[in-house]
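Trainee: Here it is, the structure, as structure tokens.
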Amino acid sequence: MTAAVGIPLILAVTWLGGWWFAITCGAIALLASIEFGHGWLFPSLPISRAGPQLTTFSLPAVMVAGAHGDTRFIGAGLVFALLSAGAGYLPIRAVGPRKPWRVLAWCIVYIGIGVVSLVLIRDLSEGREWFLLALLPVFAVDTGAYATGRTIGRHKLAPRISPKKTWEGAIGGYVAGVVAFLAANSLLSTGHGTTTMAPFALAMPILAQAGDLLESGMKRRMGVKDASGLLPGHGGFMDRLDSIVLVAPAFYVFLRLAVL
């Protein structure tokens, strides 16, 4: 049911672009930020009870949605992240409990930058094609890693972080990601050939799997299996974003520096 509703919605707002896309990304960033704050600060509380205490974690969502109208929202968000990080190291009596400020700073960087990059990619000329090129091969990495790991996986990749992941699965995901990226680049007719896009095709599966491991490590430290149950059968929004949060910023930078 989640996929049946979510996939058509994402495709629709991707096609429309503009504020439809930006506000949808902002809503996703808001829910992922609430999960992030809940996991680090109130893991023992149901997320429905902790939500009202996490209103400050709406800041990444404001940065994400606002960036469509004015990219200065990104700079403002990063400045606030820097100030929050600094406040997290001041004496407690000066700013109250320190940990929430530090968690907020990391939330702005981790979720805010990851999701705002999707908005920036969609706002590019031919942004619809670039967004799909950023997203679809990531699914191929996840699928390839899962299928290969389940079939022939023997050697553990990072047992302390994610016991089920294997080197065989990682290699399978890497190959699937490279092939999918180059195939999607051709099918989407981006106007840029394999030679131009190959550097990112080779880097993308590594970034996707690193993002997956990063989120797995955070959940292990939080002591939770899934970020939340907001997406029945799929965990939470953080669980769906894990492989894209490193890919999207890197892809945007690659496009701006090497392609466009």
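So the sequence shown is numbered by the working numbering: it starts at 45 and just counts up by one.
Just so you know, even glycine gets a beta-carbon here, dropped at the ideal spot from N, CA and C.
#1: What number of angstroms, rounded off, separates the C-alpha of I78 from the C-alpha of T187?
#2: Can the beta-carbon of P203 be found less than 8 Å from the beta-carbon of I152?
#3: By a C-beta neighbour count over all protein chains shown, 10 Å radius and 16 as the cutoff for buried, is G130 buried or exposed?
#4: Which residue comes first and which comes last in the alpha helix (DSSP H) that contains K263?
#5: Can you give the Cα-Cα distance for W150 and I196, rounded to whole angstroms?
#6: Which residues in the same chain have their Cβ closer than 7 Å to the Cβ of V57, if we skip the five residues on either side of it in sequence?
#7: In its own chain, which residues sit with a C-beta less than 6 Å from the C-beta of L201, not counting the 5 before and 5 after it?
#8: Opposite L275 in the DSSP bridges: which residues?
#9: Identify, in the order they occur along the chain, each residue of the same chain with its Cβ nearer than 8 Å to the Cβ of V106, setting aside the five sequence neighbours on each side.
#10: By the three-class DSSP mapping on this structure, what secondary structure does A71 have?
#11: Can you name, in chain order, every residue of its own chain whose Cβ lies under 7 Å from the Cβ of V219, other than the five neighbours on each side?
#12: My understanding is that G61 touches R172, with C-beta atoms under 8 Å, so please give their C-beta distance in whole angstroms.
#13: Roughly how many angstroms separate the alpha carbons of E259 and E170, rounded to a whole number?
#14: Would you tell me roughly how many angstroms separate the C-alpha atoms of L55 and L180, rounded to the nearest one?
#15: Look up A202 in the DSSP assignment and give the residues it is bridged to.
#16: Return helix, strand or coil for L233, following the three-state DSSP convention.
#17: Using only the alpha-carbon positions, how far apart do H82 and T100 sit?
Mentor: Working from what's here:
#1: Residue 78 sits at position 34 when you count from the first residue of the sequence shown. Residue 187 sits at position 143 when you count from the first residue of the sequence shown. In a straight line, the C-alpha of I78 is about 27 Å away from that of T187.
#2: Along the sequence shown, read from residue 1 onward, the residue named residue 203 stands at position 159. Along the sequence shown, read from residue 1 onward, the residue named residue 152 stands at position 108. Against a cut-off of 8 Å, the Cβ pair of I152 and P203 comes out as no contact.
#3: Within the sequence shown, numbered from 1, the residue matching residue 130 stands at position 86. Exposed.
#4: Locating residue 263 in the sequence shown gives position 219, where the first residue counts as 1. Residues 238 to 266.
#5: Numbered from 1 along the sequence shown, position 106 holds the residue referred to as residue 150. Numbered from 1 along the sequence shown, position 152 holds the residue referred to as residue 196. Approximately 36 Å between the Cα atoms of the pair.
#6: Numbered from 1 along the sequence shown, position 13 holds the residue referred to as residue 57. Excluding residues within five positions, the ones whose Cβ falls inside 7 Å are W64, F65, T68.
#7: Translated into positions along the sequence shown, residue 201 becomes position 157. The residues are K209, T210, W211, A214.
#8: The residue given as residue 275 occupies position 231 in the sequence shown. DSSP, once it has assigned bridges, lists G279 as partnering L275.
#9: For the purposes of this step, residue 106 is identified with residue 62 of the sequence shown, where counting begins at 1. Excluding sequence neighbours, V106 sits near G70, F117, G121.
#10: Along the sequence shown, one-based indexing puts residue 71 at 27. Three-state DSSP puts A71 in a helix.
#11: Your numbering for residue 219 matches position 175 in the sequence shown. Answer for V219: G188, listed in chain order.
#12: In the sequence shown, residue 61 corresponds to position 17, counting from 1. In the sequence shown, residue 172 corresponds to position 128, counting from 1. G61 to R172, Cβ: 7 Å. Contact.
#13: Position 215 of the sequence shown, counted from the first residue, corresponds to residue 259. Position 126 of the sequence shown, counted from the first residue, corresponds to residue 170. Looking at the two C-alpha atoms, the distance is approximately 30 Å.
#14: If you number the sequence shown from 1, residue 55 lands on position 11. If you number the sequence shown from 1, residue 180 lands on position 136. Answer to the nearest angstrom: the Cα atoms are 11 Å apart.
#15: Start at 1 with the first residue of the sequence shown, and residue 202 comes out as number 158. Answer is S206, bridged to A202.
#16: Taking the sequence shown and counting its residues from 1, the one referred to as residue 233 is at position 189. At residue 233 the sequence reads Ser, which differs from the Leu that was named. Coil, per DSSP.
#17: On the sequence shown, residue 82 is found 38 positions in, with the first residue counted as 1. On the sequence shown, residue 100 is found 56 positions in, with the first residue counted as 1. Rounded to the nearest angstrom, the two C-alpha atoms are 12 Å apart.
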